[in-house]
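Colleague: The structure follows.
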Amino acid sequence: MTASLTGSMASWVPLMPLLLVAIGGFALLVVDALSDEHAELATLSSVVLFCAGALAAVLATGKGLVPPPSGVAPYLAVGQMSQFWNATICCGAGLSALLAGGYLHEHALERGEFYALIVFSAFGAMVLAAATDLLSIFIGLETMSLGVYSMVAYRRGSPRAAEGGLKYFLLGSFAAAVLLFGSALIYGATGHTDLAGIGQSVRDGHANLRLLILGMLMLLSGLTFKVSAVPFHMWTPDAYEGAVTPATTFMSVVVKTAAFAVLLRVILTCFSDELSASLRTGWPGMLAPMAAATMILGNFAAARQANVKRMLAYSSIAHAGYILVGVVTLYSGDEQVRQTAVSGVMFYLLAYTVSNVLAFGSLIALGSYAKEAVSYEDLAGAGRRHPLAALPFVLGVLSLMGFPPTAGFLGKWYVFSAAIASGNDLLWLVIVGVLSSVVGAYYYLRVIVYLFMKSPEPGAAIAVPMRSGYVVLALVLSGYFVLKMGVTPAPYIDLALSAASKLG
Amino acid sequence: MLSTYLPALLMLVVATVFAVGIFTLTSVLGTKHMTPEKAIPYESGSESDGANQIRLSVKFYLTAILFVVFDIEAVFLYPWASIFRQLGWFGLVEMFAFIGSLAITLLYAWKKGALEWEK
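Chains as they are written, first to last, in my numbering: chain A, 1 to 504; chain B, 1001 to 1119.
Next up, the structure:
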């Protein structure tokens, strides 16, 4: 075992994105401890994350992808699919680090640990997305979450940040406990902690059915908490609003991606047999109503917000609902449909990552130290005063709304068309999705209306856009990908399809 | 198979009966003579001084957290040391990576002033 654990040098290549991020995190700690300047930390952390992301993107095509050392295999899958998730996570985390470089400096909150937290959390997210064992799922989940909890409460002395952080921490640890309990029950029912072994035992019908069903429900509840699906969404608006905006960006894209990645893996490896994937007797019976409720509640609640950050929080709940439709589609027995659904979810999460970074980044860019832009009123007329700063916001909300030719439109298209292709059973879910995204159009367009057609109240304090090269770079990068994925989606969807067929 | 546990069960019963019995016996047989001195909270013989719900400095928690980190390190070091030879070079490298990562955290905490009691 020992010899195979170390393996040849080449076998470590698939693990490089993970190792790079981990080593980068420690390097950040050392640099932060030994230097007084914070400026280079944003650069260092985003360079580390983008390098790891680029490497993962190359590996995701399957080029140079060799099997990892055999000791790694039971715990982590580092095939094409994991590399795709790694690339998405590193992209979201790197862009958040760039936004932090601008935001924290502008608002005099610059303390070095924020970047280390982003990098270590991203590492946890990558482990979670690659995990193939109940133990590594839990370790990845906690590594990711502990960093995010402290990022939410980062603004010391702000009661809102403390409230959001504490709420997220208490509910999050409770959800983790539920997930752990579920894992224990599944282990009790099947005698395996590795997902492949559990899947085998479930297919063979050796598992204790009652324990297994309870365990599965608890495991799925723990994971759907992290993607903030209704009814486990309560913490989301408060945590998103209380957190500093770069942390909100990180949570909304990275945590969601990692949680959906592991949700897909658990369902595909463990619960894809006929009994547990049936709409009547299995997990789709739980996830389908959740998806509908998440889409409806997310969209209607978002429409009622006066605070743009809270609106984006509810909009992220709504997006979790759309993605859940793709997850529910995995009930289908048709391999073709399932691969389309998986690749649709993968494409959606990448598209959602860049669109959401664009929206949050623009919100950051439109405020400065004197006044941060948070409500619709703060945006009034900003588009006419500063057209260049408002333009990315328009692109961001159009993509989140699903307006062609943006990435967001194609994400919805792929997910919903997979659900329709699976047969008539999910037609109602697609109809709910399409109708509720019409509600979504109202609150997304409201941003544009305020930006360009309203004027600020006389005498009200006016938010002035900040000047930061970091934020501009983040906006340019994410804006580029929003358009690129919308106009020429072929390379991305092909990549997702080829990764989805491997399940590694 | 269950009968192998009988002595343990018996022990449990005896211990419970003894513990409950002694306390019941003292409360029934003992004389109670309350004085004002006896009514105050017991503080190791010295007179109590102020309320017990004082606020502790956050420094204690910081020290406690650091202690836990290195306590856990020790927990991992013991089993490693006992099968050190079987693990070979891989185990050595792995353990040094683990200790190294903790050393970096210690360096960080030190430089950030977590080890200074008075600031």
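Even glycine gets a Cβ: it sits at the ideal position worked out from N, Cα and C.
With DSSP as the reference, please indicate the residues paired to A/SER375 in a beta bridge.
Modeller: The sequence position of residue 375 of chain A within the first sequence is 375, counting from 1. Under DSSP, A/SER375 shares a beta bridge with A/ASN307.
Colleague: Look at A/GLN339 and A/SER501 and say whether their C-beta atoms are less than 8 Å apart.
Modeller: The residue you call residue 339 of chain A lines up with position 339 of the first sequence. The residue you call residue 501 of chain A lines up with position 501 of the first sequence. Contact flag set, yes.
Colleague: Buried or exposed: B/GLY1113, going by 16 or more other Cβ atoms within 10 Å of its Cβ?
Modeller: For this step, residue 1113 of chain B is matched to residue 113 along the second sequence. When all chains shown are included, B/GLY1113 counts as exposed.
Colleague: Could you tell me if A/PRO246 is buried or exposed, where buried requires 16 or more neighbouring beta carbons within 10 angstroms of its beta carbon?
Modeller: Along the first sequence, one-based indexing puts residue 246 of chain A at 246. With 16 or more Cβ atoms within 10 Å of its Cβ, A/PRO246 is classed as buried.
Colleague: Does A/ASP204 come out as helix, strand or coil in the three-state DSSP assignment?
Modeller: Reading the first sequence from its first residue, position 204 is the one you call residue 204 of chain A. Note: A/ASP204 maps to helix in three-state DSSP.
Colleague: Is it true that the CB of A/LEU76 sits closer than 8 Å to the CB of A/THR143?
Modeller: Along the first sequence, one-based indexing puts residue 143 of chain A at 143. Along the first sequence, one-based indexing puts residue 76 of chain A at 76. Against a cut-off of 8 Å, the Cβ pair of A/LEU76 and A/THR143 comes out as no contact.
Colleague: State yes or no: is the beta carbon of A/THR2 nearer than 8 Å to at least one beta carbon in chain B?
Modeller: Indexing the first sequence from 1 puts residue 2 of chain A at position 2. Confidence is the limiting factor: at A/THR2 the pLDDT is only 44, short of 50, which leaves the residue's position unreliable, though a coordinate-based value still follows. Yes, contact with chain B.
Colleague: Got a sec? Which residues, its chain only, sit under 7 Å from A/ARG155 by beta carbon, not counting five neighbours each side?
Modeller: On the first sequence, residue 155 of chain A is found 155 positions in, with the first residue counted as 1. Closer than 7 Å at Cβ, skipping near neighbours: LEU109, ALA161, VAL244.
Colleague: A/ALA100 and A/PHE114 look like a contact to me (Cβ under 8 Å); what is the Cβ gap, rounded to whole Å?
Modeller: Sequence index remark: in the first sequence, residue 100 of chain A carries index 100 (1-based). Sequence index remark: in the first sequence, residue 114 of chain A carries index 114 (1-based). 6 Å between Cβ atoms; contact.
Colleague: In this structure, does DSSP put A/LEU275 in helix, strand or coil?
Modeller: As a first step, residue 275 of chain A must be located in the first sequence, where it is residue number 275. Coil at A/LEU275, not helix or strand.
Colleague: Report yes or no: do three or more beta-carbon pairs, one from the stretch 456 to 475 of chain A and one from the stretch 56 to 65 of chain A, lie closer than 8 Å?
Modeller: no
Colleague: For A/ASP194, which beta-bridge partners are listed by DSSP?
Modeller: For the purposes of this step, residue 194 of chain A is taken as residue 194 along the first sequence, with counting starting at 1. A/ASP133.
Colleague: Rounded C-beta distance between A/SER509 and A/ASN307? I'm assuming under 8 Å.
Modeller: Absent from the model: residue 509 of chain A. The displayed extent of chain A is 1 to 504, so no value can be given.
Colleague: Might you give, ordered along the chain, the residues of its own chain that have their beta carbon closer than 8 Å to the beta carbon of A/LEU423, omitting 5 neighbours on each side?
Modeller: In the first sequence, counting from the first residue as 1, residue 423 of chain A sits at position 423. The residue asked about is misnamed: residue 423 of chain A is Gly in this sequence, not Leu. Taken in chain order, the residues that qualify are SER332.
Colleague: Consult DSSP for A/SER252 and reduce its assignment to one of helix, strand or coil.
Modeller: To locate residue 252 of chain A, count along the first sequence from 1; it is residue 252. The answer is helix: DSSP assigns A/SER252 an H, G or I state.
Colleague: Within the 8 Å Cβ cut-off, does A/LEU29 reach chain B?
Modeller: The count along the first sequence starts at 1 and reaches residue 29 of chain A at position 29. Interface residue, yes.
Colleague: Under 8 Å between the Cβ atoms of A/MET401 and A/GLY440?
Modeller: Locating residue 401 of chain A in the first sequence gives position 401, where the first residue counts as 1. Locating residue 440 of chain A in the first sequence gives position 440, where the first residue counts as 1. A contact, by the Cβ cut-off of 8 Å.
Colleague: Assign A/GLY520 to one of two classes, buried (16 or more other C-beta atoms within 10 Å of its C-beta) or exposed (fewer than that).
Modeller: Lying before the first or after the last residue shown, residue 520 of chain A is absent from chain A, which here runs from 1 to 504.
Colleague: Indicate whether the contact test is met: 3 or more Cβ pairs, each with one atom in the stretch 440 to 455 of chain A and one in the stretch 386 to 401 of chain A, closer than 8 Å.
Modeller: yes
Colleague: Taking the alpha carbon of A/ARG505 as the reference point, which residue from A/LEU135, A/MET151, A/VAL253 has its own alpha carbon closest?
Modeller: Because residue 505 of chain A is not part of the residues shown, which for chain A are 1 to 504, the question remains open.
Colleague: How many Å lie between A/LYS309 and B/ALA1051 at the Cα?
Modeller: Stepping through the first sequence from its first residue, residue 309 of chain A is reached at position 309. Stepping through the second sequence from its first residue, residue 1051 of chain B is reached at position 51. So the two alpha carbons sit approximately 44 Å from each other.
Colleague: Looking at the structure shown, is A/LEU76 part of a helix, part of a strand, or coil, going by DSSP?
Modeller: Residue 76 of chain A sits at position 76 when you count from the first residue of the first sequence. A/LEU76 falls in the strand class under three-state DSSP.
Colleague: Mapping DSSP to helix, strand and coil, what is A/MET466?
Modeller: In the first sequence, the residue the question calls residue 466 of chain A occupies position 466. Looking at A/MET466 - three-state DSSP - the assignment turns out to be coil, as it is neither helix nor strand.
Colleague: Closer than 8 Å is the cut-off here; do at least three beta carbon pairs connect the stretch 175 to 188 of chain A with the stretch 212 to 230 of chain A?
Modeller: yes
Colleague: Is there contact between the stretch 194 to 206 of chain A and the stretch 266 to 282 of chain A, where contact requires at least three CB pairs shorter than 8 Å?
Modeller: yes
Colleague: Among residues of its own chain, excluding the 5 on either side of A/ALA419, which ones have a beta-carbon nearer than 6 Å to its beta-carbon?
Modeller: Start at 1 with the first residue of the first sequence, and residue 419 of chain A comes out as number 419. Excluding residues within five positions, the ones whose Cβ falls inside 6 Å are VAL325, THR329, LEU426, VAL430.
Colleague: Would a check of beta-carbon distances place A/LEU41 closer than 8 Å to chain B?
Modeller: As a first step, residue 41 of chain A must be located in the first sequence, where it is residue number 41. Not an interface residue.
Colleague: For A/PHE300, which residues in the same chain have their Cβ closer than 8 Å to its Cβ, ignoring the five residues on either side in sequence?
Modeller: Position 300 of the first sequence, counted from the start, is the residue given in the question as residue 300 of chain A. Same-chain partners within the cutoff: SER436, VAL439.
Colleague: To the nearest angstrom, report how far apart A/PRO17 and A/GLY479 are at their CA atoms.
Modeller: Position 17 of the first sequence, counted from the first residue, corresponds to residue 17 of chain A. Position 479 of the first sequence, counted from the first residue, corresponds to residue 479 of chain A. Their Cα atoms are separated by approximately 24 Å.
Colleague: Between the Cα of A/VAL72 and those of A/SER11, A/TYR369, A/CYS91, spot the shortest distance and give me the residue it belongs to.
Modeller: Walking along the first sequence from the start, residue 72 of chain A turns up at place 72. Of the listed residues, the one whose Cα sits closest to A/VAL72 is A/SER11.
Colleague: If the cut is a Cβ gap below 8 Å, which residues of chain A does B/TYR1108 touch?
Modeller: What you label residue 1108 of chain B is simply residue 108 of the second sequence in a count that begins at 1. Those are LEU29, VAL30, ASP32, ALA33, listed as they occur along chain A.
Colleague: List, in chain order, every chain B residue whose beta-carbon is nearer than 7 Å to that of A/PHE26.
Modeller: Position 26 of the first sequence, counting from 1, holds the residue named residue 26 of chain A. Residues of chain B passing the Cβ test: SER1101, ILE1104.
Colleague: Does the Cβ of A/LEU209 lie closer than 7 Å to at least one heavy atom of the ligand MG?
Modeller: The ligand MG is absent from the structure shown, which contains no ligand whatsoever.
Colleague: A/THR2 by DSSP, collapsed to three states: which one?
Modeller: Within the first sequence, the letter at position 2 stands for residue 2 of chain A. Its pLDDT being 44, under 50, A/THR2 is placed unreliably in this model, and the coordinates cannot settle the point.
Colleague: In angstroms with no decimal places, state the Cα-to-Cα distance between A/LEU363 and A/PHE393.
Modeller: Counting from 1 along the first sequence, the entry for residue 363 of chain A is found at position 363. Counting from 1 along the first sequence, the entry for residue 393 of chain A is found at position 393. Each residue's Cα considered, the two are about 7 Å apart.
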